[in-house]
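Notes follow the structure.
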Amino acid sequence: MARANKLINDPNDVVKELIEGVVETYPHLTYLDGIPEVKVILRADIKRGSYNKVAILSGGGSGHEPAHVGYVGEGMLTAAICGDVFAAPSVNAILAGIRAVTGPPGCLLIVKNYVGDRLNFGSAAEQAKAEGFKVEMVIVGDDCALPPPPRGPVGRRGLAGTLFVHKVAGAAAAAGRSLTEVTTVAKRVAEMVGTMGVALTVCTMPGQNPSDRLGPGKMELGLGIHGEPGALVADLQPVDSVVAHILKQILSQETNYVPIKPGSRVVLMVNSLGATPMMELMIAAGKAVAQLQIEHGLTVKRVYTGSFMTSLDMAGMSLSVLKVDDYILDALDSATQAPAWPAGVAGPRPSTTLPVALPPAPANLIPNPVRPQELSAQGRKLEVAIRAGAAAMLGLKEFECMGWISWRWRLWIHGAAAFERAFAAVDKYGGASTGRRTLLDAFLPASSTL
């Protein structure tokens, strides 16, 4: 099998070159240079040892962009530590990041729940503490695809819901909260978010062959962002059914993944896993909002739709639902320089749609048309025909007539008196005239007869 086509150079250099591209794109970011294994993006305005607020650090394997490099900026992450593709960053890289941005208030490490990430971030945290840094760590496991407890030694995986923890913790740190306060709010958000995904394809690693694990017409519910097996492989279903299954799993009272009950306020994240177009994401977003409100009795306060935590070129999406209160909503809405964080839009959701405006009636209508008292047989037939035609036209849905005939038809539909002007307009706008084998070759004789 041929290798997948990728716009890269050496597969071994993709993370290094990714970082170089990020800092060229976003001038408020920089990176640590000098040691190849240390791949850390950080805020350019931070001076070593002098940052007077709690630093927020996160990271993990690369390949999930914009996570985590796109969330570095004032009001969110202070630094992101990048591992190789789908590989946890090294202890030395994490420790270098802590040293680079942590000042007297200390730092919080936000870690997705994977064994490699937990071990390496945990080891780096202990070494940093030994060097005199104040360090706390919050583990995020928002995956709702795995069976309910007991869930095995590693627990629920960290997915796109982690980004809500980044944002709220970043807002708390930017507001000058203490390390204890920032850690507390981060843990609270981590406990109130649930995520589940569905994949239509498996991702392809740089320099590797594509996988045919998921065949045509199949989908995998709960497939991990590193390609880990999901909960179920099934025939592809309409998006309504997929969304319903995911939301039911996240909000199940039997599993009690998240403490969300009818009447709760929530925010929704519809996340592309890499190769899903916005059209499909927006369709899913509309269906998910309706189901959350109607089927589950929730109030949806914000909707974030786009690519937030991907899995290279995987086709699919994940849905994340977070229970919110006023403080969390304000934190999500607070300003940030993180380039990949979407702007939330506050305000009431309209309960009705706006109807399409109908065109005005023609100005030259006869106000009180006079019908002759007596009609000939031919006249009576003509009257019946005119009434039937008028009734049909009044009931016609304009937008059901599509294609090249519809707009030509529209130009002369208002009656026999407009035939000549209609044909002139068709000639003007459509370039059709007598002898060009169009409908005009049939209509012009009728016009002459009338």
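Mind the numbering: the sequence shown is residues 18 to 467 in the numbering used here, read in order. Even glycine gets a Cβ: it sits at the ideal position worked out from N, Cα and C. Since we're looking at a predicted model, the values are computed, not measured.
- Query: Can you tell me whether DSSP reads Leu74 as helix, strand or coil?
  - Reply: Here residue 74 refers to the residue found at position 57 of the sequence shown. Reduced to three states, the DSSP call for Leu74 is strand.
- Comparing alpha-carbon positions, which option in Asn22, Tyr274 and Pro44 lies nearest Pro356? Position 339 of the sequence shown, counted from the first residue, corresponds to residue 356. Nearest of Asn22, Tyr274 and Pro44 to Pro356, Cα basis: Pro44.
- Task: State the beta-bridge partners of Asn288 as determined by DSSP.
- Result: To locate residue 288, count along the sequence shown from 1; it is residue 271. Under DSSP, Asn288 takes part in a beta bridge, and its partners are Gly323 and Ser335.
- Between the C-alpha atoms of Asp350 and Tyr344, what's the straight-line distance to the nearest angstrom? Your numbering for residue 350 matches position 333 in the sequence shown. Your numbering for residue 344 matches position 327 in the sequence shown. A direct Cα-Cα distance of roughly 10 Å separates Asp350 from Tyr344.
- Would you mind working out which of Leu240, Cys161, Gly76 and Arg116 sits nearest Glu143, comparing C-alpha positions? Within the sequence shown, numbered from 1, the residue matching residue 143 stands at position 126. Among Leu240, Cys161, Gly76 and Arg116, the Cα nearest to that of Glu143 belongs to Arg116.
- Hey, how far is the Cα of Arg60 from the Cα of Pro372? Translated into positions along the sequence shown, residue 60 becomes position 43. Translated into positions along the sequence shown, residue 372 becomes position 355. Going from the Cα of Arg60 to the Cα of Pro372 covers about 48 Å.
- Item | Nearest residue (CA-CA) to Lys265, options Ile242, Gln254, Met236 and Ala305 | The residue you call residue 265 lines up with position 248 of the sequence shown. Nearest option by C-alpha distance: Ala305.
- Element boundaries [beta strand (DSSP E), containing Tyr48]: The sequence position of residue 48 within the sequence shown is 31, counting from 1. Tyr48: member of the beta strand (DSSP E) spanning Leu46 to Tyr48, first to last residue.
- Opposite Arg282 in the DSSP bridges: which residues? Position 265 of the sequence shown, counted from the first residue, corresponds to residue 282. Answer by DSSP bridge pairing, in chain order: Thr316.
- Task: Measure the C-alpha to C-alpha separation of Asn69 and Ala84 and round it to an integer number of angstroms.
- Result: Stepping through the sequence shown from its first residue, residue 69 is reached at position 52. Stepping through the sequence shown from its first residue, residue 84 is reached at position 67. Cα-Cα distance, rounded: 25 Å.
- Message: By alpha-carbon positions, which one of Asp160, Gly178, Leu180 and Val182 ends up nearest to Gly172?
- Response: As a position in the sequence shown, residue 172 is number 155, starting the count at 1. With distances taken between CA atoms, Gly172 lies nearest to Asp160 out of Asp160, Gly178, Leu180 and Val182.
- Hey, how far is the Cα of Asp50 from the Cα of Lys56? As a working note, residue 50 is residue 33 in the sequence shown. As a working note, residue 56 is residue 39 in the sequence shown. Straight-line Cα distance between these residues: approximately 8 Å.
- Message: I'd like the span of the beta strand (DSSP E) that includes Lys129, first residue to last.
- Response: What you label residue 129 is simply residue 112 of the sequence shown in a count that begins at 1. Per DSSP, the unbroken beta strand (DSSP E) holding Lys129 starts and ends at Cys124 to Lys129.
- Task: Please classify Leu112: does DSSP put it in a helix, a strand, or coil?
- Result: One-based indexing of the sequence shown puts residue 112 at position 95. Note: Leu112 maps to helix in three-state DSSP.
- Message: Tell me the residue span of the beta strand (DSSP E) that contains Ser153.
- Response: Start at 1 with the first residue of the sequence shown, and residue 153 comes out as number 136. According to the sequence as given, residue 153 is Glu; it is not Ser. Val152 to Val157 is the extent of the beta strand (DSSP E) around Glu153.
- Query: Which class does Thr179 belong to by DSSP, given the choice of helix, strand or coil?
  - Reply: Taking the sequence shown and counting its residues from 1, the one referred to as residue 179 is at position 162. In this structure, DSSP gives Thr179 a helical state, which the three-state scheme calls helix.
- Query: Tell me which same chain residues have a C-beta within less than 7 Å of the C-beta of Cys220, skipping the five on either side of it?
  - Reply: The residue given as residue 220 occupies position 203 in the sequence shown. Scanning its chain for C-beta atoms nearer than 7 Å, with the 5 sequence neighbours on each side dropped, one finds around Cys220 the residues Gly244, Gly291, Ser328, Leu329, Asp330 and Met331, in chain order.
- Message: How far does the beta strand (DSSP E) with Gly452 in it extend, from its first residue to its last?
- Response: Translated into the one-based positions of the sequence shown, residue 452 becomes position 435. Neither: Gly452 is in no beta strand (DSSP E) and is coded neither H nor E.
- Message: Taking its Cβ as the centre, do 16 or more other Cβ atoms sit within 10 Å of Ser546, making it buried, or is it exposed?
- Response: Nothing can be reported for residue 546: it is not among the residues displayed for the chain, which extend from 18 to 467.
- What three-state label does DSSP hand Lys340 in the structure shown? Taking the first residue of the sequence shown as 1, we reach residue 340 at position 323. Lys340 falls in the strand class under three-state DSSP.
- Task: Compute the Euclidean distance between the alpha carbons of Ala234 and Glu82, then round it to the nearest angstrom.
- Result: Position 217 of the sequence shown, counting from 1, holds the residue named residue 234. Position 65 of the sequence shown, counting from 1, holds the residue named residue 82. At residue 234 the sequence reads Gly, which differs from the Ala that was named. Across the structure, Gly234 and Glu82 are spaced so that their CA atoms are roughly 27 Å apart.
- When you compare only the Cα positions, how much space is there between Ala301 and Pro294? Your numbering for residue 301 matches position 284 in the sequence shown. Your numbering for residue 294 matches position 277 in the sequence shown. Whole-angstrom Cα-Cα distance: 11 Å.
- When every heavy atom of the ligand FMN is checked, does at least one fall within less than 7 Å of the C-beta of Val89? This structure lacks the ligand FMN; in fact it carries no ligand of any kind.
- Can the beta-carbon of Ala186 be found closer than 8 Å to that of Ile263? Here residue 186 is taken as the residue at index 169 of the sequence shown, counted from 1. Here residue 263 is taken as the residue at index 246 of the sequence shown, counted from 1. In this structure, Ile263 does not lie closer than 8 Å to Ala186 by Cβ.
- Classify Asp257 as helix, strand or coil using the three-state DSSP reduction. Your numbering for residue 257 matches position 240 in the sequence shown. In this structure, Asp257 counts as helix in the three-state DSSP scheme.
- Message: On a Cα-Cα basis, can you pick out the residue from Ala162, Thr197, Ile156 and Val199 that is closest to Thr179?
- Response: Within the sequence shown, numbered from 1, the residue matching residue 179 stands at position 162. The candidate whose alpha carbon is nearest that of Thr179 is Ile156.
- Can you tell me whether Pro170 is buried or exposed, with buried defined as 16 or more other CB within 10 angstroms of its CB? In the sequence shown, counting from the first residue as 1, residue 170 sits at position 153. Legend: pLDDT at Pro170 = 42, less than 50; position of this residue unreliable, value from coordinates given subsequently. When all chains shown are included, Pro170 counts as exposed.
- Nearest to Phe325 (by Cα), restricted to the options Ala177, Thr119 and Thr455: Counting from one through the sequence shown, the residue named residue 325 turns up at place 308. Looking at the Cα atoms, Ala177 is the closest of the given residues.
- Item | Lys64 at chain B interface by Cβ criterion, 8 Å | Structure shown: chain B not included; a single protein chain is present.
- Item | Buried versus exposed call for Pro276 [16 or more other C-beta atoms within 10 Å across all chains shown] | On the sequence shown, residue 276 is found 259 positions in, with the first residue counted as 1. By the 10 Å Cβ count, Pro276 comes out exposed.
- Message: Buried or exposed, going by whether 16 or more other CB atoms sit within 10 Å of the CB of Pro28?
- Response: Mapped onto the sequence shown, residue 28 falls at position 11. By the neighbour-count rule (16 or more Cβ atoms within 10 Å), Pro28 is not buried but exposed.
- Item | CA nearest to the CA of Pro53, picked from Gly175, Ala216 and Ser107 | The sequence position of residue 53 within the sequence shown is 36, counting from 1. Selection Gly175, Ala216 and Ser107 evaluated against Pro53 yields Ser107 as nearest (Cα-Cα).
- Query: What do you get for Val89, buried or exposed, if any count of 16 or more other CB atoms within 10 angstroms of its CB means buried?
  - Reply: Counting from one through the sequence shown, the residue named residue 89 turns up at place 72. With 16 or more other Cβ atoms within 10 Å, it is buried.
- Query: Looking at Val39 and Pro122, is the spacing between their C-beta atoms short of 8 Å?
  - Reply: Position 105 of the sequence shown, counted from the first residue, corresponds to residue 122. Position 22 of the sequence shown, counted from the first residue, corresponds to residue 39. Contact flag unset, no.
- Message: Let's see if you can read the secondary structure: which residues bound the beta strand (DSSP E) around Glu237?
- Response: For the purposes of this step, residue 237 is taken as residue 220 along the sequence shown, with counting starting at 1. First-last of the beta strand (DSSP E) with Glu237: Lys235 to Leu238.
- Message: Rounded to whole angstroms, what is the Cα-Cα separation between Arg4 and Leu231?
- Response: Lying outside 18 to 467, the shown extent of the chain, residue 4 is not represented and no answer is given.
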